[in-house]
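Residue numbers for the sequence shown follow the working numbering, beginning at 16 and rising by one. We treat Cβ as the ideally placed atom computed from N, Cα and C, and that holds for glycine. This report concerns only the one structure given below.
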Amino acid sequence: MNYFELFELPLQFEVDAKKIRPKFLELSRRFHPDFHSQENEVNQQKVMEQSALINKGWQVFQEPLATLHYVLQLLGKIKEQENPVLSADFLMEMMELNERLTEGDQDQQLQLKEEINRYEKELYEGIKSILKNPPTVATDTDLEKIKEYYYQQKYLNRIQERIQLNLS
16 MNYFELFELP
26 LQFEVDAKKI
36 RPKFLELSRR
46 FHPDFHSQEN
56 EVNQQKVMEQ
66 SALINKGWQV
76 FQEPLATLHY
86 VLQLLGKIKE
96 QENPVLSADF
106 LMEMMELNER
116 LTEGDQDQQL
126 QLKEEINRYE
136 KELYEGIKSI
146 LKNPPTVATD
156 TDLEKIKEYY
166 YQQKYLNRIQ
176 ERIQLNLS
């Protein structure tokens with residue numbers, strides 16, 4: 016059973032975590048280990064496993080990039096330990112951003128953060144229409160674009176994290 020089935024959701028690239036909160040709470044109550052403490056060991060173990068699955072699914076749906084990764088895995092488009100193939104232009108831009116990250120003062124870091132936010136919005140705008148549709152209607156080309164977007168976002172997130180560390 017995958018997380019979408021568990022939460023009774025259709026397969027989708029974007030999940031509104033606020034809308035699934037009631038289902039999460041219902042499942043959490045139903046499979047809370049404390050409510051099954053009088054059952055035999057086998058049933059207690061099943062409840063513990065189900066509870067862990069519910070919590071992991073909830074965590075995935077809380078983070079849009081994690082949800083995207085999960086859907087791409089379900090569709091067989093991302094494999095574990097896969098090395099992403101990104102354009103040379105994108106990688107050069109990331110090198111430049113990383114250089115600026117190490118050189119700038121706090122104001123320059125804030126400016127870089129804003130620049131990355133704009134860049135992320137541009138990337139999202141490029142695939143937003145694909146993400147709004149169910150994955151089942153996405154073409155292979157669409158899925159490759161989403162996969163590229165996922166890996167680009169991972170790069171940008173790492174840079175954003177480094178900026179946050181520098182600013183704190």
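- Using a 10 angstroms sphere on the CB of PRO150, the tally of other CB atoms reaches 16 or more, which defines it as buried.
- Selection LYS34, GLU54, SER66 and LYS33 evaluated against ARG45 yields SER66 as nearest (Cα-Cα).
- Counted as a single uninterrupted DSSP element, the alpha helix (DSSP H) harbouring ALA81 occupies residues 79-89.
- In the three-state scheme derived from DSSP, where H, G and I count as helix and E and B as strand, GLU54 is classed as coil.
- Its Cα nearest to that of GLY141, the residue GLU163 stands out among GLU163, GLY91 and LEU127.
- Beyond the five residues adjoining it in sequence on each side, LEU182 comes within less than 7 Å, by CB distance, of GLN121 and GLN124 in the same chain, given in chain order.
- Three or more Cβ pairs closer than 8 Å define a contact, and the stretch 72-89 meets that threshold against the stretch 19-30.
- In the structure shown, the three-state DSSP call for SER102 is coil.
- Inclusion of PHE19 and TRP73 in the CB contact set at 8 Å is not warranted, their separation being larger than that value.
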